[in-house]
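Everything in the sequence shown is counted per the UniProt record's numbering, starting at 1 for the first residue and increasing by one. Each residue gets a CB set at the ideal place from its N, CA and C atoms; glycine is no exception. Here the structure comes first, spelled out in structure tokens, and everything after it is commentary.
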Amino acid sequence: MKIITSIEDLRDQLSGQLRTAFVPTMGSLHEGHLSLMRLARKHGDPVVASIFVNRLQFGPNDDFERYPRSLEADAEKLAREGVYVLFAPSEKELYPEPQEYRVQPPDNLGNMLEGEFRPGFFNGVCTVITKMFSCVQPRVAVFGKKDYQQLMIVRNMTRQLAMPTEIVGAETWRADDGLALSSRNSYLSAAERDEAPALFHCLNTVADNVRTGRLPIAEVERSAMASLAQRGWKPDYISVRKRHDLLAPDAADLEAGTPLVVLAAARLGTTRLIDNLEI
Ligand code: PAF
1 MKIITSIEDL RDQLSGQLRT AFVPTMGSLH EGHLSLMRLA RKHGDPVVAS IFVNRLQFGP
61 NDDFERYPRS LEADAEKLAR EGVYVLFAPS EKELYPEPQE YRVQPPDNLG NMLEGEFRPG
121 FFNGVCTVIT KMFSCVQPRV AVFGKKDYQQ LMIVRNMTRQ LAMPTEIVGA ETWRADDGLA
181 LSSRNSYLSA AERDEAPALF HCLNTVADNV RTGRLPIAEV ERSAMASLAQ RGWKPDYISV
241 RKRHDLLAPD AADLEAGTPL VVLAAARLGT TRLIDNLEI
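This is the structure we're talking about:
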């Protein structure tokens, strides 16, 4: 595997490649990321991964400085997965001057859920992904469903901007106790790690309650938030949405059996976890 840090070298290395499958990451790779590499291999060749902790998508009180960084160990994992190129640019390489041209997602999608609690987050994601796509020129790019709203926004962005990249969504990789794998799980203390699967259990309870249809959805969401809060969590949202546009379903949607997803974000101690479950 080649580790490339400059855009020019990356372009040289990939010139003439028409079937590149790309997996952008922020590193600190776990089994979930590696499953994205394996899925990428099914969709294209060569597989290119990136590692870049993108300052633009972090707010002033977010964890940019303490975000886990482990480039050497990550590179070994990617090499074992048969990744052809790891693109790991410095900030100076990717943002040599202030990034004034930005890609702004539409308000309806970009400012709800994660966007409401992390203003500017999706602007940062869309901007770096557009720039990465411009460097890698992938035919396919793989994103995890764990970041459900991000996957949808990136998919809509590529469609509306006529980018020649197909976006593939990958299933969330979970520990045996149900906790979705995330680089941020490394922030959890041992006691918090024991508690963390409660978020996924809570999503399952919401999904069961929505399926039975006995209670109004708003009540199901409220009681899920209350039960997490009782366990010591600080939930930002637990929200049932339509899968195709992430808007709240109305009675007609429920009647018609429109596919739904429940999304959640909550703080456990100082760690903010997100997860979701298709219903
Ligand atoms: O999901 C992530 O790790 C990041 O948001 C991404 C897609 C690599 C953009 O920085």
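Consider the C-beta atom of residue i and the heavy atoms of the ligand PAF; say whether any pair is separated by less than 7 Å.
| i | result |
| --- | --- |
| Pro24 | yes |
| Val128 | yes |
| residue 349 | Since the first and last residues shown for the chain are 1 and 279, residue 349 lies out of range. |
| Asn108 | no |
| Val125 | yes |
| Asp208 | no |
| Asn276 | no |
| Asp147 | yes |
| Asn54 | yes |
| Gln104 | no |
| Gly57 | The sequence shown places Gln at residue 57, rather than the Gly named in the question. Under cutoff, so the answer is yes. |
| Gln99 | no |
| residue 280 | The requested residue 280 does not occur in the structure, where the chain is confined to residues 1 to 279. |
Would you mind sorting residue i into buried or exposed? The rule is 16 or more other CB atoms within 10 Å of its CB.
| i | result |
| --- | --- |
| Lys92 | exposed |
| Asp275 | buried |
| Ser28 | buried |
| Gly115 | buried |
| Pro164 | exposed |
| Glu81 | buried |
| Arg102 | exposed |
| Leu86 | buried |
| Arg214 | exposed |
| Lys131 | buried |
| Arg19 | exposed |
| Ser239 | buried |
| Asn209 | buried |
| Leu161 | exposed |
| Gln104 | exposed |
| Lys146 | buried |
| residue 347 | This structure leaves residue 347 out entirely; the chain is present only between 1 and 279. |
| Asn54 | buried |
With distance defined between alpha-carbon atoms, name the residue in the options nearest to residue i.
| i | options | result |
| --- | --- | --- |
| His192 | Cys126, Gly232 and Ala88 | The question names His, but residue 192 in the sequence shown is Glu. With distances taken between Cα atoms, Glu192 lies closest to Gly232. |
| Asn61 | Leu29, Tyr95, Leu18 and Gly120 | Gly120 |
| Pro98 | Gly178, Leu56, Asn185 and Lys145 | Leu56 |
| Ala73 | Leu34, Pro96 and Val48 | Leu34 |
| Val168 | Pro138, Pro235 and Gly124 | Pro138 |
| Asp45 | Val140, Gly110 and Asp208 | Val140 |
| Ser186 | Thr271, Asn123 and Tyr148 | Thr271 |
| Val83 | Val23, Ala170, Cys126 and Arg214 | Val23 |
| Cys135 | Ala49, Val261, Lys145 and Met37 | Ala49 |
| Val262 | Arg222, Ala252 and Gly110 | Arg222 |
| Ser182 | Leu273, Leu161, Ala256 and Thr158 | Leu273 |
| Met37 | Glu171, Val154 and Val240 | Glu171 |
| Ala265 | Asp176, Ala190 and Cys202 | Cys202 |
| residue 280 | Val53, Asn111, Thr127 and Leu18 | Past the edges of the chain, shown from 1 to 279, lies residue 280, and the structure says nothing about it. |
| Arg267 | Gly213, Ala229, Asn156 and Asp250 | Ala229 |
| Arg66 | Phe200, Tyr237 and Arg184 | Arg184 |
| Ala88 | Glu100, Pro105, Cys126 and Arg69 | Arg69 |
| Ala75 | Phe52, Leu254, Gln150 and Gly124 | Phe52 |
List the DSSP bridge partners of residue i.
| i | result |
| --- | --- |
| Thr25 | Ile51 |
| Asp275 | Ala264 |
| Gly16 | According to DSSP, which records beta bridges pairwise, Gly16 is partnered with nothing at all. |
| Lys2 | Val85 |
| Tyr237 | Ala265 |
| Ala141 | Phe22 and Ile167 |
| residue 335 | Outside the shown range of the chain, which is 1 to 279, sits residue 335, and nothing can be said about it. |
| Lys242 | Leu260 |
Looking at the ligand PLP, does it come within less than 7 Å of residue i, judged from the CB to the closest heavy atom?
| i | result |
| --- | --- |
| Val103 | In the structure shown, the ligand PLP is absent; the only ligands present are the ligand PAF. |
Spell out whether any CB of chain B is found under 8 Å from the CB atom of residue i.
| i | result |
| --- | --- |
| Arg193 | The chain labelled as chain B is not found in the depicted structure, where only one protein chain is given. |
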